[in-house]
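Report on the structure given below.
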Amino acid sequence: MGLHVYNTLTRAKESFQPLVSNRVSMYVCGPTVYNYIHIGNARPAIVFDMVRRYLTYLGYEVTYVSNFTDVDDKIIRAAEETGEDVEQLAEKFIAAYHEDTEALGVQKADLHPRVMKTMDDIIAFIGRLIEKGYAYEADGDVYFKTHSFQGYGKLSDQSVDDLQAGARIEVGEKKQDPLDFALWKGAKSGEIAWDSPWGKGRPGWHIECSAMVKKYLGDTIDIHAGGQDLAFPHHENEIAQSEALTGKTMANYWMHNGYIKVEDEKMSKSLGNFILVHDIVRQFDPNVVRFFMLQSHYRNPINFSDELLQQAKSSYSRIGTFIRNAKHRLELSADLGEPANWQDTINGFRDRFIREMNDDFNTPNAFTVVFDFIKEANRYLENDHSSKRVLQEMLSLLKEWEEVLGVQFEQEEEVLDETIEEWIEKRNEARKNRDFKEADRIRDELQEKGIVLEDTPQGTRWKREN
RNA sequence: GGCGGCAUAGCCAAGUGGUAAGGCACGGGUCUGCAAAACCCUGAUUCCCCGGUUCAAAUCCGGGUGCCGCCUCCA
């Protein structure tokens, strides 16, 4: 079975067929840069980074675009508060975004377009929508005529009538209809603004993505992704704008990640119950955070707490422990004959992993495969003798998986401290003489320095306690 | 009011018709001078509740309960 992807548009898993074989175009809605990102913002970054990595692993050439919203009410407000200039503030949080996501193993997009730098395209896009009769100018603002687009609501499965009935916003003086939404907002005095055929102003929120997708990826793309809460209205509006203009399908696959909850409530900036990536990575290894996120399926909600992260940490360290132990063994093992079927066993695990990932990126099950493999490999280490080649192949399979999941299993191992080796030697001398008191003393002393010793039939190995 | 999601062991979490994966924690055992790591064994007669369909349901259908989200800025 090839790759199947859950498509929000059809509410079903579909066989994945890109527009051009071997190539995938992918657009992920990025953050509004007015603050440091919280772990809820980090989820789509991590999840779709994993999607990108897996597609790459399958051999696709992926073009990945993710925007920064750097012009918006919240940024303007934040800039007013700090007295900074809007652009400076945006720059600062863009840099912070890159720093935070990089720590979490997220690769940079091929392109990170910004609203400020896409202004001409946005204005042109709006202009053409007016020309085609899908939008109208109203006193310095421009609105999209929602009713004019057939199929509005198809992504979120809402009928225009129901939306109309449920619309809470009162009919703005300028809007012709409550469902219409802003493409261009006329500037209030003193605000940052750009010239346009409709006067000074700035773009509405949704139009930037439509313009960027079209400019950088084309009229129709393979995958468009973002958080579940963007499905409506943001993505719905994007579809309306783009498809009204081009008459073509905007994206073939729409993917949405579930959100992160704190005490069973959605984590969001507006609720104030958020945890910044900046802060959490000081408490936990970022790899643990990423592992934690990928241990749930990307579409399911995740609860977040220290306790759960602690659990994830224990779980995660099982993999690193194996790698360390296997490497210790590798140094000592000769090239003895390998078990006849090891190649098949390893290939079997690789295939299982792919099968799970092919099922709509089922990373929880992919980790089950990893753990099953670790168990099998640990059994192999129980043997008196091991083959170098088998050990190396086991380690390289884990490397392969690391690359796909973006989680580093192996802790950065500091350069071997000479004195630790000396202590170990001294202790082993004591053990040989059955002076266990001295041996334990040395072990305790090292323990206090965070060094844990483990005696094995193949000699003493050590690790740093984390 | 409209649309959608979730409910599986102490905790986390897969599983969408064939008789409950995996991880963490707990207990017993093996190994060890003692540990650690690892391995082995043990845990839901049962998947929120009540009906129904079926040879067979956690999985399908009907009803109910609880929780959550979107419909307004939001990943």
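Residue numbers for the first sequence follow the working numbering, beginning at 78 and rising by one.
Every residue, glycine too, gets a C-beta built ideally from N, C-alpha and C.
In this structure, what does DSSP give as the bridge partners for Tyr-141?
Met-103
I'd like the list of long-range same chain contacts for Val-492, defined as Cβ closer than 7 Å, with 5 residues on each side in sequence excluded.
Because Val-492 sits at a pLDDT of 49, beneath the cut-off of 50, its placement in the model cannot be relied upon, and the point is left open.
Using DSSP bridges, identify the partner residues of Tyr-220.
Tyr-213 and Ala-259
Val-549: buried (16+ other C-beta within 10 angstroms of its C-beta) or exposed?
This structure gives no information on residue 549, because the portion of the chain shown stretches from 78 to 543.
Helix, strand or coil: how does DSSP classify Val-183 here?
coil
Candidates Phe-258, Tyr-229, Tyr-111 and Ser-236: which alpha carbon is nearest Thr-159's?
Tyr-111
Of the residues Lys-476, Ile-300, Thr-496 and Thr-87, which one's Cα is nearest the Cα of Gly-397?
Lys-476
Helix, strand or coil: how does DSSP classify Trp-282 here?
coil
With three or more C-beta pairs closer than 8 Å as the rule, is the region 276 to 292 touching the region 256 to 263?
yes
Between Asp-299 and Pro-121, is the Cβ-Cβ spacing less than 9 Å?
no
Could you name each continuous alpha helix (DSSP H) segment of 4 residues or more that falls completely within the region 361 to 449, going from the start of the chain to the end?
363 to 371, 383 to 409 and 419 to 435
Name the residue from Leu-232, Asp-512 and Asp-254 whose alpha carbon lies nearest to the alpha carbon of Ala-242.
Asp-254
By Cβ distance, which residues of its chain are closer than 8 Å to Arg-88, with the 5 residues on each side in sequence left out?
Asp-234
Rounded C-beta distance between Ile-423 and Phe-381? I'm assuming under 8 Å.
Not really, about 35 Å apart at Cβ, beyond 8 Å.
Reference Gly-335, options Phe-125, Leu-530 and Arg-376, closest by Cα
Arg-376
Taking the alpha carbon of Pro-416 as the point to measure from, which residue in Tyr-131, Gln-165 and Ala-454 has its own alpha carbon closest?
Ala-454
Bridge partners - Arg-191, DSSP secondary structure assignment:
Phe-145
With DSSP collapsed to three states, give me the class of His-462.
coil
Distance between Asp-449 and Asp-362 (C-alpha atoms, nearest Å)
24 Å
For Met-332, report the span of its beta strand (DSSP E) as first-last.
328 to 334
Three or more beta-carbon pairs under 8 Å between the region 513 to 523 and the region 493 to 503, yes or no?
yes
Would Met-103 and Asn-435 qualify as a contact pair, given that the criterion is a beta-carbon distance under 9 Å?
no
For the beta strand (DSSP E) holding Ala-321, just list the boundary residues, first then last.
Where Ala-321 is concerned, there is no enclosing beta strand (DSSP E), although the alpha helix (DSSP H) it sits in stretches over 313 to 323.
Selection from Ser-373, Asp-428 and Lys-291 that minimises the alpha carbon distance to Met-127:
Ser-373
Classify Val-492 as helix, strand or coil using the three-state DSSP reduction.
The predicted model places Val-492 with a pLDDT of 49, which falls under 50 and marks its position as unreliable, so this point remains unresolved.
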